[in-house]
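Q:
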Amino acid sequence: MFSRRLKSGYFVLEGLNSFATVYYFYYFYFFMQTVYGFGNKANLALAALNGAVYAVMAWQGGNFAQRFGYFTALKTGFVIMMGALAVGSQVHSAGGHIVVMAVTVVGMCFTWPTLEALVSEGETRAGVQRMVGIYNMTWAGAGAVSYFIGGAMLEKLGPRSLFYVPVGIQIIQLSLTLWLESQARKAAPASVTESAPSVPDPHPHPAAMTKVFLRLAWLANPFAYIAINTLIAVIPGVAKRMDLSTMLAGFCCSIWCFSRLGAFFVLWRWNGWHYRFRWLLVSYLVMVGTFAAILLVPNLAVLILAEIIFGCVAGLIYYSSLFYSMDLGDTKGEHGGIHEAAIGLGNFAGPAVGAASLYFLPQYANSGAFAVSGLLLLGLGGLLAIWHKGT
C-alpha cells in the first residue's frame, strides 16, 4: 500500500480533500454573515468551536488510523463529512448549521492525519523529505485555488453550493479510496496491507536535538494557526470594512495562500532550514507583525503586501511541524494526529481570545486583534524557553 504508484492516488485524494474543505470552512463564515448576520465576534466563536472539536478529534483520528487501518479511517471520514453536509444543505437555522459544521470537522479529523501518514510510510529520510514536499504543495495549491475562486463560486452558484460542491467531491474521494484499497490488497498480502513499518536510516542529527526541534515545531505551529484561523474568521469583516464583495474578497484575501505555496516549493527543494532555530525564530517574529498589519491597517496595498509575507513565514512554520513529525518515529499516524491536534489547539485559542476580547471590550473595535497579537507574543516566549532548555 506504500508503493509510489498508489501514493499518486493518495495525493489526488489529498488535493480533492483540500479543495472541498477549504471551500466549505473558509466560506462558512461568509455564509453565516450573509444569511444570519454573524459579525466578527460570532464568527470568532464559531472558529473557536471548530478548533476545539478539531483539537480533540484529530488526535483520535490519528490513533484510529494507526489502530484500524488507513483506508478504514479515510472511508469513515468521507462518509461522515458527506452525511453532515448533505443534511446541512437542507438546514435553515443558525443552530443547525453550527451542529453541521462541528460534525463535518469530526469527519475531517479522520482524513488529514491519515493522508499525512500514507504518503510518508515506508520512506527513507530522503524519501520523507520528498513526500512531505509533494504533500504540502498539493494541499496548499488546491486550497489556494479553492479560496481564490470560492467567492466567485458562492456568488454564481448560490449559498447552497457550500454543501453540494464538497459532497460531490467527497463522493469521488470515497470511490477512489475503495479503488486504492482494492489495488493495495492485490499488491500485498492482506495481513500487511494496513501497516508496513519503514526501515529508518541513520539520522544525521543527535537524538536530543531532533526532539527539541519537534517540540519547537509542535509549539510554533498551533500559534501560527492561532493567527491563521483568526484571520479566516474575521476576513468577512475585513472585506466589509474595505467594501469588497465576496468574490473580490476571495481574490484579494487568498493571496497569502499562494505565497505559502511558494514557500513550500522553496522549502521542499532546499533543506538548509532543517534543524536551524534562527529560521523558525525569525519566521515567528515576522508572522506576529504581519498578522497585526492585516487586521489593523485599512489599506488594500498594505493588506496584500502583509499577506504575501505572512504566507511565506506561516509556510515555514507549518512545514517544520509536519517535517519533524514525519522525520521522527515509526507511528506516523499517531504523529500526524498530534501534528493536526496541535493545529486544532491553535484554531481554538486565537478565535476564543479574539471573541472574548470583543465581548468584554466591545467599545474597542481592534481589541480582538491586539489580544491575539499579545497571545502570539506569549508563544515567542515559549519557543525561547524550549530552545534554551534544550541547548
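Last residue of the sequence shown: number 914 in the numbering used here, and the count goes up by one each step with no gaps. Backbone N, C-alpha and C fix where the C-beta goes; we use that ideal spot for every residue, glycine too.
When we look at the beta-carbon of Pro-636 and count the other beta-carbons within 10 Å, is it buried (16 or more) or exposed?
A: Taking the first residue of the sequence shown as 1, we reach residue 636 at position 113. Taking all protein chains in view, the Cβ of Pro-636 is crowded by 16 or more other Cβ atoms within 10 Å, so the residue is classified as buried.
Q: Buried or exposed: Val-576, going by 16 or more other Cβ atoms within 10 Å of its Cβ?
A: Residue mapping note: residue 576 aligns to position 53 of the sequence shown, counting from 1. So Val-576 ends up on the buried side.
Q: Sort Gly-584, Val-545, Leu-572 and Ile-817 by Cα distance to His-620 and report the nearest one.
A: Mapped onto the sequence shown, residue 620 falls at position 97. Here the closest residue by C-alpha is Leu-572.
Q: Return helix, strand or coil for Glu-704, following the three-state DSSP convention.
A: Position 181 of the sequence shown, counted from the start, is the residue given in the question as residue 704. It is helical.
Q: Cutting at 7 Å between CB atoms, please list the residues of its own chain near Phe-746, excluding the five before and the five after it.
A: Here residue 746 corresponds to residue number 223 of the sequence shown, with the count starting at 1. Closer than 7 Å at the Cβ level, and outside the excluded window around Phe-746, lie Gly-869, Leu-899 and Gly-902.
Q: Closest to Phe-833 by CA distance: which of Leu-754, Val-690 and Ala-581 is it?
A: Along the sequence shown, one-based indexing puts residue 833 at 310. That would be Leu-754, whose Cα lies nearest to the Cα of Phe-833.
Q: Using a Cβ-Cβ cutoff of less than 8 Å, which residues in the same chain neighbour Leu-529 once the five nearest sequence positions on both sides are dropped?
A: Taking the first residue of the sequence shown as 1, we reach residue 529 at position 6. For Leu-529, where only same-chain residues beyond five positions count, the Cβ hits under 8 Å are Leu-703, Gln-706, Ala-707 and Ala-710.
Q: Quick check on Asn-540: does DSSP put it in helix, strand or coil?
A: As a first step, residue 540 is located in the sequence shown; it is residue number 17 there, counting from the start. Three-state DSSP puts Asn-540 in a helix.
Q: Got a sec, what are the start and stop residues for the alpha helix (DSSP H) Glu-639 sits in?
A: In the sequence shown, residue 639 corresponds to position 116, counting from 1. Start and end: 635-643.
Q: Rounded to the nearest angstrom, what separates Val-722 and Leu-638 at their Cα positions?
A: Here residue 722 refers to the residue found at position 199 when the sequence shown is read from its first residue. Here residue 638 refers to the residue found at position 115 when the sequence shown is read from its first residue. With a pLDDT of only 48 at Val-722, under the threshold of 50, the placement of this residue in the model should not be trusted, and no figure is reported.
Q: Phe-787 lies in the alpha helix (DSSP H); which residues open and close that run?
A: Stepping through the sequence shown from its first residue, residue 787 is reached at position 264. Here the alpha helix (DSSP H) through Phe-787 covers 778-792.
Q: Quick one: measure Cβ to Cβ for Ala-667 and Leu-784, integer angstroms, because I've assumed they're closer than 8 Å.
A: One-based indexing of the sequence shown puts residue 667 at position 144. One-based indexing of the sequence shown puts residue 784 at position 261. Contact flag correct, Cβ pair sits at about 5 Å.
Q: So within the stretch 842-900, which uninterrupted alpha helix (DSSP H) runs reach at least 4 residues, ignoring any that extend past its ends?
A: 855-883
Q: Between the beta-carbon of Phe-671 and the beta-carbon of Phe-774, is there less than 8 Å?
A: In the sequence shown, counting from the first residue as 1, residue 671 sits at position 148. In the sequence shown, counting from the first residue as 1, residue 774 sits at position 251. Yes, the Cβ-Cβ distance between Phe-671 and Phe-774 is below 8 Å.
Q: Count Cβ pairs between the stretch 588-596 and the stretch 766-782 that sit closer than 8 Å; are there 3 or more?
A: no
Q: Alpha helix (DSSP H) containing Tyr-593: first to last residue?
A: Here residue 593 refers to the residue found at position 70 when the sequence shown is read from its first residue. It spans 593-611 - the alpha helix (DSSP H) in which Tyr-593 sits, taken as one unbroken run.
Q: Are the beta-carbon atoms of Ala-750 and Met-676 separated by less than 8 Å?
A: If you number the sequence shown from 1, residue 750 lands on position 227. If you number the sequence shown from 1, residue 676 lands on position 153. No. Outside cutoff.
Q: Looking only at its own chain, which residues have a Cβ that is under 6 Å from the Cβ of Tyr-552, when we skip the five neighbours before and after it?
A: One-based indexing of the sequence shown puts residue 552 at position 29. Here the set comprises Asn-566, Ala-756 and Pro-759.
Q: Assign Ile-694 to buried or exposed, taking buried as 16 or more other Cβ atoms, counted over all protein chains shown, within 10 Å of its Cβ.
A: As a position in the sequence shown, residue 694 is number 171, starting the count at 1. Looking at its Cβ environment, which holds fewer than 16 other Cβ atoms inside 10 Å, Ile-694 is exposed.
Q: Using beta-carbon positions only, say whether Tyr-559 and Ala-609 come within less than 8 Å of one another.
A: Against the sequence shown, residue 559 aligns to sequence position 36. Against the sequence shown, residue 609 aligns to sequence position 86. Result no, Cβ atoms of Tyr-559 and Ala-609 do not sit closer than 8 Å.
Q: Candidates Arg-738, Val-614, Thr-769 and Lys-598: which alpha carbon is nearest Met-631's?
A: Against the sequence shown, residue 631 aligns to sequence position 108. Nearest of Arg-738, Val-614, Thr-769 and Lys-598 to Met-631, Cα basis: Lys-598.
Q: State the DSSP-derived secondary structure class of Gly-812, mapped to helix, strand or coil.
A: Within the sequence shown, residue 812 is the residue found at index 289, counting from 1. Taken through DSSP and simplified to helix, strand or coil, Gly-812 comes out as helix.
Q: Give me the Cα-Cα distance between Arg-683 and Ser-541, rounded to the nearest whole angstrom.
A: As a first step, residue 683 is located in the sequence shown; it is residue number 160 there, counting from the start. As a first step, residue 541 is located in the sequence shown; it is residue number 18 there, counting from the start. Cα-Cα distance, rounded: 19 Å.
Q: Helix or strand or just coil, what does DSSP make of Pro-720?
A: Here residue 720 corresponds to residue number 197 of the sequence shown, with the count starting at 1. Residue placement at Pro-720 cannot be trusted, given a pLDDT of 44 that sits under 50; the coordinates are not used to answer.
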